[in-house]
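Participant: Chains A and B, in that order, are what the protein sequence lines are.
The working numbering applies: residue 31 is where the first sequence begins, and numbers increase by one.
The working numbering applies: residue 31 is where the second sequence begins, and numbers increase by one.
Glycine is no exception: its CB is placed at the ideal position from the N, C-alpha and C atoms.
2 protein chains.
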Amino acid sequence: MPPEPSASPQTEAPAEGAVMPPEEFRRYGYQVIDWIADYMRQVRDYPVLARTRPGELLDSLPPFAPEAGEPMDLILNDFQKLILPAITHWNHPRFHAYFSVSSSGPGILAEALIAALNVNGMLWKSAPACTELEQTALGWLRQWLGLPESFFGVIHDTASSNALHAIAAARHLADPEARRRGHALPLTLYVSEHAHSSLEKGALVLGVGQDNVRKIQVDSEFRMRPDALRDAIEADLAAGKKPFFACATVGTTSVTSVDPVPAIADLAERYGLWLHVDGAYGGTAAIVPEFRCLLAGADRADSIVVNPHKWLLCPIDISVLYTRRPDVLRGAFSVVPEYLRTQEDPRALNLMDYGLPLGRRFRALKLWFVMRYFGHERAAAMIRTHVDWAREFAAWVEADSRFEVVAPAPLSLVCFRYRGSDEQNRRLMDAVNASGAAYLSHNVMAGRFVIRFAIGNLQTTRDDIAEVWRAIQQTAAGLQE
Amino acid sequence: MPPEPSASPQTEAPAEGAVMPPEEFRRYGYQVIDWIADYMRQVRDYPVLARTRPGELLDSLPPFAPEAGEPMDLILNDFQKLILPAITHWNHPRFHAYFSVSSSGPGILAEALIAALNVNGMLWKSAPACTELEQTALGWLRQWLGLPESFFGVIHDTASSNALHAIAAARHLADPEARRRGHALPLTLYVSEHAHSSLEKGALVLGVGQDNVRKIQVDSEFRMRPDALRDAIEADLAAGKKPFFACATVGTTSVTSVDPVPAIADLAERYGLWLHVDGAYGGTAAIVPEFRCLLAGADRADSIVVNPHKWLLCPIDISVLYTRRPDVLRGAFSVVPEYLRTQEDPRALNLMDYGLPLGRRFRALKLWFVMRYFGHERAAAMIRTHVDWAREFAAWVEADSRFEVVAPAPLSLVCFRYRGSDEQNRRLMDAVNASGAAYLSHNVMAGRFVIRFAIGNLQTTRDDIAEVWRAIQQTAAGLQE
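1) How many angstroms separate the CA atom of Glu264(B) from the CA atom of Ser191(B)?
2) Taking the alpha-carbon positions, what's the Cys323(B) to Glu251(B) distance?
3) Name the chain B residues whose beta carbon is nearer than 8 Å to that of Gly99(A)?
4) Exposed or buried, Pro206(B), counting other C-beta atoms within 10 Å across all chains shown (16 or more means buried)?
5) Can you say whether Glu164(B) is buried or exposed, counting buried as having 16 or more other CB atoms within 10 angstroms of its CB?
6) Give the DSSP bridge partners of Val480(B), in chain order.
7) If we require 4 or more residues per run, which alpha helix (DSSP H) segments fall completely within the segment 74-162 of chain B?
8) Return the residue from the list Gln110(A), Leu79(A) and Ala204(A) that minimises the CA-CA distance to Ser355(A).
9) Let me check one thing: in DSSP terms, what residues is Trp304(A) bridge-paired to?
10) DSSP puts Tyr69(B) in a beta bridge; with which residues?
11) Name the chain B residues whose beta carbon is nearer than 7 Å to that of Glu230(A)?
12) In its own chain, which residues sit with a C-beta less than 7 Å from the C-beta of His416(A), not counting the 5 before and 5 after it?
13) Can you find at least 3 beta carbon pairs, one from the segment 467-484 of chain A and one from the segment 360-369 of chain B, that sit closer than 8 Å?
14) Closer than 8 Å is the cut-off here; do at least three beta carbon pairs connect the segment 176-192 of chain B with the segment 421-436 of chain B?
15) Less than 7 Å between C-beta atoms, sequence neighbours within five positions excluded: which residues of the same chain meet that for Ala37(B)?
16) Taking the alpha-carbon positions, what's the Gly313(B) to Leu388(A) distance?
17) Does the count of Cβ pairs from the segment 397-411 of chain A and the segment 341-349 of chain A closer than 8 Å reach three?
18) Return the CA-CA distance between Val400(B) and Asn337(B), expressed in angstroms with no decimal places.
19) Pull up the CB-CB distance for Ala316(A) and Gly176(A), whole angstroms please, since I reckon it's below 8 Å.
20) Tell me which same chain residues have a C-beta within less than 6 Å of the C-beta of Met102(B), skipping the five on either side of it?
21) Let me make sure I understand the geometry here. Which of Thr490(B), Glu374(B), Tyr311(B) and Trp120(B) has the alpha-carbon closest to that of Leu351(B)?
22) Against chain A, which members of the segment 236-247 of chain B pass a CB distance test of less than 9 Å?
23) So what's Phe182(B) in DSSP terms, helix, strand or just coil?
24) Residues of chain B with CB closer than 8 Å to the CB of Ile263(A), please, in chain order.
25) Under 8 Å, with one C-beta from each stretch per pair, do the segment 78-94 of chain A and the segment 86-97 of chain B reach the 3-pair mark?
26) How would you write the range of the beta strand (DSSP E) that Arg253(A) sits in, first residue to last?
27) How would you write the range of the alpha helix (DSSP H) that Val336(B) sits in, first residue to last?
28) If we ignore side chains and look at the alpha-carbon of each, how far apart do Pro216(A) and Phe274(A) end up?
29) Give the residues from the segment 370-383 of chain B that approach chain C closer than 7 Å (Cβ to any Cβ), ordered along the chain.
30) So what's Thr505(A) in DSSP terms, helix, strand or just coil?
31) Select from Trp154(A), Glu100(A), Asn107(A) and Leu87(A) the residue whose C-alpha is nearest the C-alpha of Glu374(A).
32) Would you say Phe274(B) faces chain A, with C-beta separation under 7 Å as the test?
33) Whole angstroms is fine: what's the gap from Val462(A)'s alpha carbon to Ala189(A)'s?
34) Starting from the beta carbon of Phe94(B), find every residue of chain A whose beta carbon is closer than 7 Å, and list them in chain order.
35) Please classify Arg83(A) as buried or exposed, where buried requires at least 16 neighbouring CB atoms within 10 angstroms.
36) Counting only beta-carbon atoms, is Ile294(A) nearer than 7 Å to chain B?
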């Protein structure tokens with residue numbers, strides 16, 4: 031006779047005492063919300079760049095985890111006391127290094143709900159809401175960007191991952207046997223010399239090899255030269271190589287230059303290359319009607335990436351890959367073991383088939399919250415304003431004879447330098463960063479050290495920009511002494 | 031003369047009106063916390079498997095995003111009304127399909143803070159806390175697992191990504207020229223026929239090719255046969271192939287079998303293969319002292335994966351890759367453009383160098399919260415209890431002559447079947463799932479349909495297990511009529 035389940039003395043779950051009781055969750059949840067609300071109000075009071083030294087946090091933490099559980103009070107206290115001083119505040123309105131980002135209120139609330147539901151959107155069945163809301167939200171975003179309805183969208187963590195996905199799909203189209211046989215053809219890939227490093231990384235990870243990544247020359251405004259692209263393709267063809275992938279960047283990381291997508295699309299079509307548009311940062315600006323032209327020609331792309339966690343108010347991470355060849359993407363990635371096989375229904379997409387990771391967070395929820403809360407108007411207004419301020423900032427730089435703007439600033443990144451030595455520029459940047467007033471980053475262009483100033487945080491005001499500029503000017507005055 | 035920044039009429043930020051005011055954030059934040067607290071209490075009231083039909087949510091949502099922003103009330107209302115019915119509740123105590131997971135209170139609170147800080151841990155400088163807390167938390171976890179101190183840990187999103195990282199590192203060791211030249215050698219890779227599909231996917235993405243993935247036979251308990259592995263390696267060597275990577279799984283997805291890691295390590299050493307241990311689910315059980323033997327031999331591995339988002343109370347996603355060859359991992363992935371170049375300090379790790387994605391969420395925070403809140407005792411007690419219950423469930427199945435257990439259940443997954451046709455088993459599973467009482471999944475083993483029952487949620491009680499078993503029995507009784 032089978033044991034009678036309900037008769038066992040183990041009915042009281044030993045694990046039960048371990049659950050955080052809902053009332054305790056509520057109490058600490060309010061504390062966390064209060065902390066975040068205050069943080070959003072007071073974020074300006076923090077130095078943007080953390081002032082900690084390497085190893086300082088590590089040394090302050092115990093080398094062993096506790097054997098017995100600890101009260102939440104203690105943990106939140108340590109968060110405040112130990113973690114916070116080691117935070118570089120990406121959500122600070124004066125974070126101007128890299129592309130500035132905003133984690134907005136609705137995005138943060140969505141993240142809490144995502145964590146509570148904890149769904150894994152690998153299969154339609156395992157997470158219908160994740161699967162379908164992803165299609166809805168990406169359909170909305172596609173309209174904001176003015177992309178054709180035929181573009182299928184899928185969310186991954188970062189643009190780096192999506193670059194790898196795009197190149198893998200391109201290879202699958204160029205060499206369907208690679209999946210089975212392994213990478214074997216001498217495939218060559220084309221990016222501008224200012225393309226993001228993730229394209230090169232994707233190529234080397236996939237087995238294409240760095241030697242087969244062609245970094246195409248740019249013109250005086252740092253845009254890929256179509257004639258140089260054509261020459262490189264022709265040279266490779268003559269050498270027996272197989273050109274298969276070209277990336278046009280809309281808003282390069284180093285300088286936000288915009289490659290001539292239509293001309294590159296012409297060449298991609300002529301030579302049968304997969305055209306990828308990397309609009310991780312700059313592509314988002316196309317939601318502003320007067321900047322829609324940024325994506326001119328992108329309707330001819332095979333794939334395009336935009337990152338809502340950059341300039342579209344979502345917390346990190348969420349990167350969108352659109353492709354008009356979902357069948358090819360699926361062909362490159364789909365591997366379905368029996369335990370993940372589901373009944374076929376043409377409307378029940380299994381999004382795991384379109385990418386590398388099997389586990390998929392419910393990232394669409396934050397994009398949906400953000401798009402609804404801000405609406406097109408406010409999101410577009412923010413981007414428009416940031417671009418205006420970048421132009422104004424560039425004008426201030428130009429108007430100060432001690433400085434020069436070193437590249438056009440079509441979006442919200444201004445690259446400039448102090449008319450002095452590289453060492454002086456580095457000292458200038460380091461001094462501003464160390465002051466806590468702002469966080470700037472650098473690049474080396476044409477052999478010279480330049481300072482990058484990017485605008486992109488929702489809380490940034492024109493006063494912030496003006497004060498950072500004053501801090502830069504004052505620091506420069508100190509350099510001359 | 032430069033324009034005077036402060037004199038501009040634009041001082042009032044146009045973007046400012048778009049920020050969610052802190053008081054509004056606080057109000058809706060409390061609502062979200064209340065909702066989650068209630069959800070955690072009432073999650074049992076939901077059907078585990080969503081009852082929505084394919085396309086139902088999609089059809090209920092407007093095809094266009096709003097032009098003007100919408101109030102948060104409306105968004106949260108739609109979340110409740112439209113999204114929730116399309117949720118399959120992974121955080122439900124009767125979610126027994128796939129490996130059950132728990133998003134715990136401290137993990138959810140950490141996610142809200144991660145979103146608010148919004149740091150990108152690509153560089154030490156860009157996020158010292160993210161970089162150093164990752165090392166601390168992974169050091170703690172390494173101790174819980176009994177792994178050697180020499181193992182370096184890094185966090186990525188999922189075990190699928192980490193499998194790709196491990197294989198890429200192995201290739202870099204076997205063929206350092208591949209990075210530059212591209213994948214060219216006839217590399218062969220070895221996994222058990224029950225290994226996770228992500229190994230195969232990783233191999234095909236990297237350009238190794240599915241034809242070069244050897245699925246090694248298992249013994250009667252579904253563990254990789256070392257003699258078969260040796261024979262496969264020898265055959266490949268004789269055929270001029272280059273064996274380079276072997277994966278031993280600790281807790282296979284289909285049946286939680288544990289491959290003989292020490293014997294596989296012997297072969298890996300003899301033939302110079304990179305040894306990877308996939309402990310995404312099962313490896314975590316090694317935090318229980320009496321299950322530490324699960325990782326016997328893993329100290330000889332070159333890499334090992336465990337997923338805190340599976341059996342260690344963290345919300346999805348967080349997967350840990352340990353390796354004793356961080357230099358090789360770095361060699362396989364590091365690409366540093368000038369704008370990401372930082373001053374060298376041996377203690378200032380740039381974690382972007384150890385993987386594909388440049389963007390890195392502050393995932394360590396949730397692991398740190400969870401390890402501290404539960405402590406080793408409570409986390410281990412939960413896992414021990416789940417294993418006990420799985421054994422008890424297996425005994426109930428064995429004691430009912432209508433059923434059979436089809437594989438040993440060393441961890442918390444029981445694979446069983448109704449002694450009838452595959453069709454009856456499928457009907458049984460579908461009926462239980464449709465009832466909302468539980469969510470079970472299936473597999474096909476030795477040509478027969480089997481039902482998978484996994485235990486792993488923190489809120490699960492022994493009563494849950496007993497009631498699900500009763501529901502299965504009652505449903506089976508209906509099958510016979």
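Facilitator: Quick answer:
1) 29 Å
2) 17 Å
3) Arg402, Tyr403, Phe404, Gly405, Glu407 and Arg408
4) exposed
5) buried
6) Asn473(B)
7) 86-90, 102-108 and 135-147
8) According to the sequence displayed, residue 355(A) carries Arg and not Ser. Ranking the options by Cα distance to Arg355(A), first place goes to Ala204(A).
9) Phe275(A)
10) Answer is none; Tyr69(B) lacks a bridge partner.
11) Val365
12) Ser442, Ile485 and Gly486
13) yes
14) no
15) Residue placement at Ala37(B) is flagged as unreliable, the pLDDT there being 36, under the threshold of 50; the coordinate-derived value follows with that caveat. Correct list: empty, nothing qualifies.
16) 18 Å
17) yes
18) 13 Å
19) 6 Å
20) Tyr58
21) Tyr311(B)
22) Leu236, Gly237, Val238, Gly239, Gln240, Asp241 and Asn242
23) strand
24) By Cβ distance, chain B contributes nothing, its closest Cβ being about 18 Å from Ile263(A), past 8 Å.
25) no
26) That residue, Arg253(A), is in no beta strand (DSSP E); it is neither H nor E in DSSP.
27) Run containing Val336(B): none in the alpha helix (DSSP H); it sits in the beta strand (DSSP E), Ser333 to Val336.
28) 10 Å
29) Absent here is chain C; the protein component of the structure consists of chains A and B.
30) helix
31) Trp154(A)
32) no
33) 30 Å
34) Trp170 and Gln173
35) exposed
36) no
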